[in-house]
Amino acid sequence: MAAEEGYISPPPTLPSTPCSVQVGSMRTGSDVLSTSRGTVRERGRNRSWLLSSIITVNVLILGIALVSGSVFNNVKINAINLQIFLIVLVILTTAWMLYYTIYTSREDHAVLYKDSHAGPVWLRGGLVLFGICSLIMDVFKIANYIGYLHCDSAVKIVFPVVQAVFILVQTYFLWLHAKDCVQLQRNITRCGLMLTLSTNLMLWMAAVTEESLHQTVVPPEDGNSTHSYDIRAPGGYSSCNCSHSACAILEKAYYYLYPFNIEYSLFASAMAYVMWKNVGRLVDEHNHHSLHFRLKDVLVGPAVGLVMLGAGLGTFVIYEVDVEKGDPGKRDTALMIHYVMNTVAVTLMSVSTVAGCAIYRLDQRDPVSGKNPTRSLDVGLLIGASIGQFTICYFTIVAVVATGAEGHNALNLAVSLLTVIQLCLQNIFIIEGLHREPFHEDMHQASVFTNPYVLQAQAHRDIHNLPETFMETKSSPALTVHSMHVAPSAPSGSPLPQRHRLTWKRRALKEICAFLMLCNILLWIMPAFGARPQFDNTIGAEFYEFTMWAAVVNIGLPFGIFYRMHSVASLFEVFLTS
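If you count the sequence shown from 1, position 356 lands on 361 in our numbering, and the numbers rise without skipping.
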């Protein structure tokens, strides 16, 4: 009976134990309780991660099916059905972001921690810039679709209106809350952030598909002309005429703004993912260093980069004008100029990255410690996005080698090989830079005192002489000792020491980063705004057949375009920490 109801039996008499043993038992019990709470918290986090991931997978797969159906079958599923699906997603996401903003503003303990690495001001500034361009694109779309309202669906006007409201709300939301580490309603927040991520990826996918269809060019059969090719079934505006004369201008204008809208969706997706990773995270940012943007003592890199950017934009304009004329001779000349410009750019970039990697070998900075969702995402996106450019390059290399490198195809082969090398070197340079601790201003300061014991004794005497209000302030011994390096040795009234000039290693790294940023901007502008040498040069379409080649280019090129913009953002981060 006692054995069955032992929970009501008096505890057995234990021999007396020292106090330290009892305290140790209490500590053991506390550790067990803490471990149990940690296990429960971990299980809850895994469940919410699983639930939010399931939401993302289902939304994305359904969206991919709708996008594919609207492209290849314009009878059963058309662009209107896809836009209705996107409108529902956008409205749900906007409602959740408004709820989150109101809830966190009223709850004092909803956000106890901020991840200072997440959502830096330059990233949010880029989001605002791309958001403004996206709003202008939506205005142009609305003005254009009004001309077709008498013979087309009103959904085409409703969608850009809803998307414009979504962009305004999301930009405000991410500007304020990109650094949040939410501690309340973690399950709802994770699901809401995954819904936000899914919505942005769907908007990106729809925009990329529309832009790719607009830029896809059929290779000329007679070698005399090229024309845009739409793989969708006949329909759209073929039997619907615009009611005002500005439709053609507005349509051309908003297509030029698609690259900004595409980058906006990707920026927002990345920031939503970092917020999702930070939900429930307890951040310790005592070792975070504030970074400032300065161009002091940095001249050669920006100057050479601006020269490359100007020359590249000039050749890009020549390329677009000559290709648009449809003359085979001018098209081949334009391709030759384009390949020469790209060869020079990627060669200089490769040499610069090799020099930067060599400087890293001489660098004394320690690698970063601790987990950082932002850094992990940057590295993952950098490697993942480069796969698109790798794919196009290797397909081009195989086609050129198999058919023979003659004329401008020899330059095409050289550009593809050099681009592969440049991508590998740049990835190594950026990843190595992101995993280095920032330079500190006091790393190379000369110490006034050489005896550490005398220094600490002096520091303790000064601390005891401080008023009580200062004694209550929690300070680091390292900071106290550092403060004594200059103060005792400087006579009263002497000016403060000036900031040290950049060391040659820091300056070289900043020059390299500035040059690479401008070159990557150039390599982003050319494909983002219409340069398609993959279609203007017929070797790929002839070797792989047009359908397969179009699929390779239209899938790989958006990732390659994103890789260049993401490289600019990552290089800016390396520039700040150098």
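Glycine residues also receive a C-beta, built at the ideal position from the N, C-alpha and C atoms.
Please read all numbers here as calculations on a predicted model, not as lab measurements.
(message) Using only CA atoms, which one of Val62, Thr61 and Asn86 lies nearest to Ser73?
(response) That would be Asn86, whose Cα lies nearest to the Cα of Ser73.
(message) Let me make sure I understand the geometry here. Which of Ile323, Asn149, Gly197 and Phe577 has the alpha-carbon closest to that of Ile526?
(response) Phe577
(message) Comparing C-alpha positions only, which one of Glu112, Ile254, Phe548 and Gln188 sits nearest to Thr408?
(response) The candidate whose alpha carbon is nearest that of Thr408 is Phe548.
(request) Would you mind giving the Cβ-Cβ distance between Ala115 and Gln188, rounded to the nearest angstrom? I have them listed as a contact below 8 Å. (result) Their Cβ separation, rounded to whole angstroms, is 7 Å, which keeps Ala115 and Gln188 in contact under 8 Å.
(request) Indicate whether Ser57 and Arg195 have their beta-carbon atoms separated by less than 8 Å. (result) yes
(message) Would Leu439 and Ser355 qualify as a contact pair, given that the criterion is a beta-carbon distance under 8 Å?
(response) no
(message) With H, G and I counted as helix, E and B as strand and the rest as coil, what does DSSP make of Asp185?
(response) strand
(request) Taking Lys161 as the reference, give the member of Trp509, Arg366, Tyr105 and Ile92 with the closest Cα. (result) Ile92
(request) Within 10 angstroms of the Cβ of Asn542, are there 16 or more other Cβ atoms? Answer buried if so, exposed if not. (result) buried
(request) Could you tell me the distance, in whole angstroms, from the CA atom of Val351 to the CA atom of Leu132? (result) 28 Å
(request) Just the C-alpha distance for Arg336 and Phe540, rounded to the nearest angstrom, thanks. (result) 11 Å
(request) Report yes if the C-beta distance between Ala183 and Leu140 is below 8 Å; otherwise report no. (result) no
(message) Helix, strand or coil for Val284? Go by DSSP, reduced to three states.
(response) Of the three classes helix, strand and coil, the one that applies to Val284 here is coil, per DSSP.
(request) Run the CB neighbour count on Trp209, radius 10 Å, all protein chains shown included, and call it buried at 16 or more, exposed below. (result) buried
(request) Could you name the residues of the same chain whose beta carbon sits closer than 8 Å to that of Gln190, not counting the 5 residues immediately before and after it, in chain order? (result) Tyr108 and Ala115
(request) Please classify Tyr150: does DSSP put it in a helix, a strand, or coil? (result) Helix.
(request) Would you mind sorting Phe77 into buried or exposed? The rule is 16 or more other CB atoms within 10 Å of its CB. (result) exposed
(message) When you compare the CB positions of Ala390 and His219, do they come within less than 8 Å of one another, or not?
(response) no
(message) Would Cys524 and Met313 qualify as a contact pair, given that the criterion is a beta-carbon distance under 8 Å?
(response) Their beta carbons are under 8 Å apart, which means Cys524 touches Met313 by this criterion.
(message) Going by the DSSP bridge assignment, what does Tyr118 pair with across the sheet?
(response) Per DSSP, the beta bridge partners of Tyr118 are Cys186.
(request) Consult DSSP for Leu304 and reduce its assignment to one of helix, strand or coil. (result) Reduced to three states, the DSSP call for Leu304 is coil.
(request) Starting from the Cα of Ile544, find the closest Cα among Leu255, Arg569, His122 and Ala415 and give me that residue. (result) Ala415
(request) Taking Phe564 as the reference, give the member of Thr508, Pro125, Cys398 and Leu514 with the closest Cα. (result) Nearest of Thr508, Pro125, Cys398 and Leu514 to Phe564, Cα basis: Cys398.
(request) Identify whether Cys245 lies in helix, strand or coil by the three-state DSSP scheme. (result) coil
(message) Whole angstroms are fine: how far does the CA of Arg512 sit from the CA of Thr552?
(response) C-alpha of Thr552 to C-alpha of Arg512: approximately 49 Å in a straight line.
(request) From the DSSP output, in three-state form, read off Lys81 for me. (result) DSSP, read as helix, strand or coil, puts Lys81 in coil.
(message) With H, G and I counted as helix, E and B as strand and the rest as coil, what does DSSP make of Asn377?
(response) coil
(request) Going by CA-CA distance only, name the one from Arg129, Gln431 and Ser203 that's closest to Phe90. (result) Ser203
(message) Applying the 10 Å Cβ sphere with the 16-neighbour rule, what's the burial state of Gln369?
(response) exposed
(request) Could you tell me if Glu268 is buried or exposed, where buried requires 16 or more neighbouring beta carbons within 10 angstroms of its beta carbon? (result) Residue burial is scored here from C-beta neighbours: Glu268 has at least 16 other C-beta atoms within 10 angstroms and is therefore classed as buried.
(request) Label Val326 either buried or exposed according to how many other C-beta atoms from any shown protein chain fall within 10 Å of its C-beta, with 16 as the threshold for buried. (result) exposed
(request) Please classify Asn51: is it buried, with 16 or more other beta-carbons within 10 angstroms of its beta-carbon, or exposed? (result) exposed
(message) Helix, strand or coil for Asp383? Go by DSSP, reduced to three states.
(response) helix
(message) If I measure Cβ to Cβ from Phe164 and keep anything under 7 Å in the same chain, skipping five residues before and after, which residues do I get?
(response) Cβ neighbours of Phe164 beyond the five flanking positions: Gln88, Leu91 and Ile92.
(request) Could you tell me the distance, in whole angstroms, from the CA atom of Thr358 to the CA atom of Val579? (result) 13 Å
(message) Please report the straight-line C-alpha distance between Ile342 and Leu521, rounded to a whole angstrom.
(response) 21 Å
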